[in-house]
Amino acid sequence: MTRKLDVKLTKRPKLNDLEIGDLLHIDTDKKDDVFLIFKGDIDTFFMQSGGNEDVVQYSKSMIEKMLRSFEELHKSSYRITVLDMNEE
Amino acid sequence: MILQDLLGIKDEIYLVEPGYHSQKNIVTTISYLKDIQKVAGDYSFRAIRITDGTKTTGLAIFNERTEEVPVDFWSIFLSSIASQSIEEFESLADSILDFNPPERVVEVAGNVMNDALIEYYSILLVNRETCNECTMPLESYKRVYAPDRVSRLSELLKKLAQNGISIDGDVLEICCGNGMSTIALHELGIEPTTIEYEKCTVCQGLMHGVLDPKKTIVMDATMLSNFFEHGRFDCVVGFMLGTIYEFNKEMWARMMFESAKVSKEGALMLFTVNSKSEMDILESALRMIGIEGEVMDNTDKLSIYDQWVFIGKRAKKL
């Protein structure tokens, strides 16, 4: 599936459909980047939550379960950007 | 394969249930047996009766190669670990065997069959036979497993052992992922039963030989008591659980409750997380179900994994 970059999406993209180096932003009406999910490798995902500087690797199922619980409570939107690895 | 060895079968074997979890309700098995029973008197076929010593717990039926399936194989129907439809299974299997007397009877204890099934489904997963269109190539060992993370956990476990907190006996590791933390357990001679919901990460751990095919199950940790007997484990561990927030704390509370249910009285419960806020929620959930313990600050400036540790014991009553 071709992913759309930097476009607001109302349906959460599948983590498997992200490309390596992609950054998935989870936003709400009140706050952008409540969660950031980075695809580091084929099946390796890292997550950063707003206010926490740690970027932590979790299994895909854990991230998906967490997002499902979050979405039950908050209307969420999504954006995919590509992480610039050369950015300072 | 253990199952082939137990049944004394050299040909291919095929279990009709698609996963370990479905061996609990055996819906597909019963459906197949009903169809076979209807024609059992019209055809003769080779069959093996499987018993646990008292009743029929399994049936193997030989399928000769055809143009469509160019290999001889045995279809295996089991109720060995089922929690429902056991009597219906026995009645159907015995009725089929009345028309086609078994060429052999094989006795296999339930727990032995359980281990064989775990291995069978692990092999099935690694061979990508449980996934229709798997597109996940294997990531290299170096890219997946971080030696620093493993060694830091090993150090933590050694430190705990020096303080009399040892992980031993029958150990369950929940949310094992690809087995990153399991490596640290193996290094200490601990061979845990490992469970994880995400089958792709389990597949990765099995393919790298990190997870043991005989002890690894794709399973939701909120359903532990459906698969393991209550009070079985001497120790339940989970490393880098998360992510834990207020909005999903019920799910984690459920996992902790299920972990407690399948552990013995006085069993060691050891869990690690990334952040203090996560540990606060986890600790609260554990105390609610009567797990007494303490929280250990394992933070350092260089690492982000296993920063907070809960060390507790399961109370007498949940």
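Residue numbers (the working numbering), protein chains in the order written: chain A, 314 to 401; chain B, 26 to 343.
Just so you know, even glycine gets a beta-carbon here, dropped at the ideal spot from N, CA and C.
Could you give the DSSP three-state label for residue i: helix, strand or coil?
i, result
"Glu37 of chain B", "strand"
"Val347 of chain A", "coil"
"Lys301 of chain B", "helix"
"Val137 of chain B", "helix"
"Glu401 of chain A", "At Glu401 of chain A the pLDDT is 47, less than 50, meaning the model places this residue with poor confidence; the figure from the coordinates comes in the next sentence. In the structure shown, Glu401 of chain A sits in coil (DSSP, three-state: anything other than H, G, I, E or B)."
"Lys289 of chain B", "strand"
"Glu221 of chain B", "strand"
"Ile55 of chain B", "helix"
"His46 of chain B", "helix"
"Val151 of chain B", "helix"
"Tyr371 of chain A", "strand"
"Tyr68 of chain B", "coil"
"Glu132 of chain B", "strand"
"Met294 of chain B", "strand"
"His211 of chain B", "helix"
"Lys184 of chain B", "helix"
"Gln350 of chain B", "Given that chain B is displayed from residue 26 to residue 343, the structure contains no residue 350 of chain B and the question cannot be resolved."
"Met248 of chain B", "helix"
"Met26 of chain B", "coil"
"Asp124 of chain B", "It should be noted that the sequence gives Phe, not Asp, for residue 124 of chain B. DSSP places Phe124 of chain B in helix when its eight states are reduced to three."
"Tyr270 of chain B", "coil"
"Asp195 of chain B", "coil"
"Glu317 of chain B", "strand"
"Asn88 of chain B", "strand"
"Ile111 of chain B", "helix"
"Arg74 of chain B", "strand"
Which residue's Cα is closest to the Cα of residue i: the options?
i, options, result
"Gly353 of chain A", "A:Ser362, A:Asn329, A:Glu385", "A:Asn329"
"Ser120 of chain B", "B:Arg153, B:Asp60, B:His46, B:Ser100", "B:Asp60"
"Lys224 of chain B", "B:Gly44, B:Glu271, B:Gly194", "B:Gly44"
"Val261 of chain B", "B:Val169, B:Asn251, B:Phe335, B:Gly230", "B:Phe335"
"Leu266 of chain B", "B:Asp237, B:Ile199, B:Glu283", "B:Ile199"
"Gly337 of chain B", "B:Ser284, B:Tyr330, B:Leu327", "B:Ser284"
"Phe282 of chain B", "B:Glu254, B:Lys274, B:Ile314, B:Lys183", "B:Ile314"
"Asp367 of chain A", "A:Phe383, A:Ile350, A:Thr357", "A:Ile350"
"Met248 of chain B", "B:Val131, B:Ile220, B:Lys80", "B:Ile220"
"Gly263 of chain B", "B:Leu343, B:Gly83, B:Thr297", "B:Thr297"
"Ile316 of chain B", "B:Ala278, B:Glu254, B:Val52, B:Ile55", "B:Ala278"
"Glu42 of chain B", "B:Glu271, B:Ile143, B:Pro126", "B:Ile143"
"Gly194 of chain B", "B:Glu212, B:Ala292, B:Glu93", "B:Ala292"
"Met161 of chain B", "A:Leu331, A:Thr394, A:His338", "A:Leu331"
Is there at least one non-hydrogen atom of the ligand HEM closer than 6 Å to the beta-carbon of residue i?
i, result
"Leu249 of chain B", "Absence of the ligand HEM from the depicted structure is noted, as is the absence of any ligand whatsoever, leaving it without description."
Could you give the C-beta distance for residue i and residue j, rounded to a whole number, given that I count them as a contact under 8 Å?
i, j, result
"Leu336 of chain A", "Leu380 of chain A", "Contact flag wrong, Cβ pair sits at about 15 Å."
"Val287 of chain B", "Phe258 of chain B", "6 Å"
"Gly256 of chain B", "Lys289 of chain B", "5 Å"
"Tyr222 of chain B", "Val196 of chain B", "With 8 Å as the limit, Tyr222 of chain B and Val196 of chain B do not qualify as a contact, their Cβ atoms being about 19 Å apart."
"Val133 of chain B", "Ile86 of chain B", "Wrong, their Cβ atoms sit about 17 Å apart, outside the cutoff."
"Ile101 of chain B", "Ile190 of chain B", "That belief does not hold up - the Cβ atoms of Ile101 of chain B and Ile190 of chain B are roughly 43 Å apart, past 8 Å."
"Arg339 of chain B", "Met294 of chain B", "6 Å"
"Lys378 of chain A", "Met276 of chain B", "7 Å"
"Thr268 of chain B", "Ser362 of chain A", "7 Å"
"Gln229 of chain B", "Val169 of chain B", "6 Å"
"Ser390 of chain A", "Asp340 of chain A", "5 Å"
"Lys388 of chain A", "Asp342 of chain A", "6 Å"
"Ile148 of chain B", "Met26 of chain B", "6 Å"
"Ala65 of chain B", "Phe124 of chain B", "4 Å"
Using the rule of at least 16 other Cβ atoms within 10 Å of the residue's Cβ for burial, across every protein chain shown, is residue i buried or exposed?
i, result
"Glu319 of chain B", "exposed"
"Arg90 of chain B", "exposed"
"Glu401 of chain A", "Below a pLDDT of 50, predicted positions are generally treated as unreliable, and Glu401 of chain A, at 47, falls in that range; the measurement from the model is reported next regardless. Answer is exposed; the Cβ neighbour count stays below 16."
"Lys240 of chain B", "buried"
"Ile333 of chain A", "exposed"
"Thr324 of chain B", "exposed"
"Tyr371 of chain A", "buried"
"Tyr146 of chain B", "buried"
"Gly234 of chain B", "exposed"
"Ser105 of chain B", "buried"
"Ala186 of chain B", "exposed"
"Pro217 of chain B", "buried"
"Leu318 of chain A", "exposed"
"Gly78 of chain B", "exposed"
"Tyr330 of chain B", "buried"
"Pro172 of chain B", "exposed"
"Ser69 of chain B", "exposed"
Please list, in chain order, the residues of the region 375–399 of chain A that have any C-beta partner in chain B closer than 7 Å. Listed by position, the residues of the region 375–399 of chain A near chain B (Cβ gap below 7 Å) are Met375, Lys378, Met379, Ser382, Phe383, Leu386.
For the region 239–253 of chain B, which residues have a beta carbon sitting closer than 8 Å to at least one beta carbon of chain A? none
Which residues, in chain order, does the region 340–355 of chain A contribute to contact with chain B at a C-beta distance below 8 Å? Asp354, Ile355
Closer than 8 Å, Cβ to any Cβ of chain A: which residues of the region 212–233 of chain B, in chain order? Glu221, Tyr222, Glu223, Cys225, Thr226, Gln229
Scan the region 290–323 of chain B for residues whose Cβ lies nearer than 8 Å to a Cβ of chain A and list them as they occur along the chain. Listed in sequence order: Asn299, Ser300.
Just by C-beta distance, which residues in the region 180–211 of chain B are closer than 8 Å to chain A? Within the region 180–211 of chain B, the qualifying residues are Cys200, Gly202, Asn203.
Closer than 8 Å, Cβ to Cβ, to anything on chain A: give me those residues from the region 168–179 of chain B, in chain order. Arg168, Val169
Contacting positions in the region 259–273 of chain B - beta carbon closer than 9 Å to chain A: Met265, Leu266, Gly267, Thr268, Ile269, Tyr270, Phe272, Asn273
Positions along the region 357–368 of chain A whose CB lies within less than 8 Å of some CB in chain B: Thr357, Met360, Ser362, Asn365, Asp367, Val368
Taking a cut of 7 Å between CB atoms, which residues from the region 153–165 of chain B lie near chain A? Those would be Met161, Pro162, Glu164, in chain order.
Below 8 Å between beta carbons is the criterion; list the residues of the region 276–289 of chain B that meet it against any residue of chain A, in chain order. Taking 8 Å as the Cβ-Cβ cut-off against chain A, the residues of the region 276–289 of chain B that qualify are Met276.
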